[in-house]
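A.B. asks: Residue numbers for the sequence shown, in my numbering: 3 to 401. Backbone N, C-alpha and C fix where the C-beta goes; we use that ideal spot for every residue, glycine too. What you are looking at is a predicted structure, and each value in this text was computed from that prediction instead of being measured.
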Amino acid sequence: MNLTLTPKTSKNFVIKLIAQSAGEFSISILDSKQALTSNVVQIGAQAEASSAESTSSSSSLPSTADESKNSVSSSSVEKVESSSSQAISSAEDSSSQVSSSAESSSTEASSNAKTTSGKSARTIVNANIKLDQAVNNINISYIYRYASDTDQALTGYIQDPDKEKITVTYTLTKLSGNGATPPQNGVVQTLGTFTTDGANAKTAFSYSLLANKFAAWTTNSVGSVYVLRVMFAGTGGQKSFNIRIVYTDGLLSLTAPSNIDFGSDLNAEFTGNPIYMGKVATGSQALEVTDTRKIPTGYPINGWNLTVALKKQMTGVTTKGVLTNSLHYIYKGTDNTLSSASSPVMSLTTGTPGKTTPVSAMWDSKNGIAFEPTAGQPVAGEQYTGAVTWTLQDAPVNQ
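(1) Who are Gly-378's beta bridge partners in DSSP?
(2) How is Thr-339 classed by DSSP in three states: helix, strand or coil?
(3) Could you give the residue range of the beta strand (DSSP E) that holds Ser-223?
(4) Helix or strand or just coil, what does DSSP make of Ser-429?
(5) Report buried or exposed for Gly-300, applying the criterion of at least 16 other Cβ atoms within 10 angstroms of its Cβ.
(6) Identify whether Ala-155 lies in helix, strand or coil by the three-state DSSP scheme.
(7) Given a threshold of 16 other Cβ atoms within 10 Å of its Cβ, counted over all protein chains shown, does Pro-259 qualify as buried or as exposed?
(8) Tell me which residue opens and which closes the beta strand (DSSP E) that Phe-196 is part of.
(9) Taking Leu-312 and Leu-340 to be in contact with their CB atoms under 8 Å, please state how far apart those CB atoms are, rounded to whole angstroms.
(10) Alpha carbons only, please: which of Val-347, Ser-328, Met-364 is nearest the one belonging to Gln-395?
(11) So what's Ala-311 in DSSP terms, helix, strand or just coil?
(12) Going by alpha carbons, who is nearest to Tyr-159 out of Phe-196, Tyr-172, Ile-145, Val-189?
(13) If you draw a straight line from the C-alpha of Ala-217 to the C-alpha of Val-361, how long is it?
(14) Less than 9 Å between the beta carbons of Ile-303 and Phe-373, yes or no?
(15) Is Ala-382 near Gly-274, with beta carbons less than 9 Å apart?
(16) Quick check: the Cα distance between Asn-41 and Lys-281, rounded to an integer number of angstroms?
(17) According to DSSP, Ser-345 sits in a beta bridge with which residue or residues?
(18) Considering only the beta carbon of each residue, do Thr-169 and Thr-192 sit closer than 9 Å?
(19) Between Gly-158 and chain C, is there a C-beta pair that is closer than 9 Å?
(20) Using only the alpha-carbon positions, how far apart do Ser-62 and Thr-321 sit?
(21) What is the residue span of the beta strand (DSSP E) that Ala-283 lies within?
(22) Rounded to whole angstroms, what is the Cα-Cα separation between Leu-38 and Asn-369?
(23) Assuming Pro-355 and Thr-292 are in contact, meaning their beta carbons sit under 8 Å apart, how far apart are those beta carbons, in whole angstroms?
(24) How long is the line joining the alpha carbons of Gly-236 and Ser-242, rounded to whole angstroms?
(25) Can you check which of these residues, Thr-336, Asn-338, Ile-371, is closest to Gly-265 by C-alpha distance?
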């Protein structure tokens, strides 16, 4: 199929694919010089009913495939799943202090954390193409690179029926924009080797691209796009995937409250299962997410995910008694007991640059941090302290 585009042309077109058997399929978008085009292409797919009987299988394919060179399907490298490291910002030392007297207990939560910030890390656009009941995933991945970024982590796993040595290489090539050219533009470089476990078990890999391998970030480089191609070679062939490195500006930042108040005159001799919802104390900063990211036109804006985890159980200052499982977070009506594992607070599937989301201002009986002591645990007159960690992650949820 040939398609002529002017620089500002937008085209919608349908390519009908018919497969006679299950297997791996790829789509390449090339320019007139047979070079891969930018990944600023939205790929959609719709499965048609197939009368042919076949088995169901799945595979992961690169976002755009250079079939003649780097997308050779093989039995030795069955499946590659990968992800870039995701930037995280946290209010690390949010502590909760609880005090009680013989007649009642006064509850207060406080935090030493002020403002923390993180950066956009990854967006993945997925298209599932079903051909004769075989499912193929096409991933278009974006890593947004900021002035403060250093090394870039790449992690994932490979499923391989055979136990064999895999060599991992990559190229980093400038695609567009006013940014500088990478030091080794387009040159194949080695990341390392590892041996798969075989039997289609998931063999994890983890590598880091050093900061000096990237073009330096400057104000002139904002909007520039680079292609990172990572290749996995085994005895039976080679598999690869492409990632677009987009140089951008701005931040996704988190502010955490210095004090959270659960109320006063809380009876220390309660019965039942009381729930005291927290509120940001007067004069304390709110729990907010501010998005000042500047994503170049034509690229998806990934959303964000805010979670909370227990750092320290409520513990008596004098008695050292622990109010086990007394800190909770209620999310959309579901009560989650806080632990070292992350509990959901709020998420957006699509980012909103230029907007501040007042998370704590939306707390109510169905959303917010809660103090839920167990009857008989609190000691009258004792003061309790604990801590939670707020974590902001700017990657799409469940993607």
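C.D. replies: The answer reads as follows:
(1) Answer by DSSP bridge pairing: none, since Gly-378 is not bridged.
(2) strand
(3) From DSSP, Ser-223 is part of no beta strand (DSSP E); its letter is neither H nor E.
(4) Not covered by the structure: residue 429. The range shown for the chain is 3 to 401.
(5) exposed
(6) strand
(7) buried
(8) 191-197
(9) 4 Å
(10) Val-347
(11) strand
(12) Phe-196
(13) 37 Å
(14) no
(15) no
(16) With a pLDDT of 39 at Asn-41, under the threshold of 50, the modelled position of that residue is not reliable, and the figure given next carries that caveat. So the alpha carbons of these two residues sit roughly 45 Å apart.
(17) Val-310
(18) yes
(19) Of the protein chains in this structure there is only one, and it is not chain C.
(20) Low local confidence applies: a pLDDT of 27 at Ser-62 is under 50, so the model's placement there is unreliable, with the coordinate-based value given in what follows. Taking the straight line from one Cα to the other gives about 56 Å.
(21) Taken as a continuous stretch (DSSP letters only), Ala-283 belongs to no beta strand (DSSP E), as it is neither H nor E.
(22) Because Leu-38 sits at a pLDDT of 41, beneath the cut-off of 50, its placement in the model cannot be relied upon, and the point is left open.
(23) That pair is no contact at about 10 Å.
(24) 12 Å
(25) Ile-371
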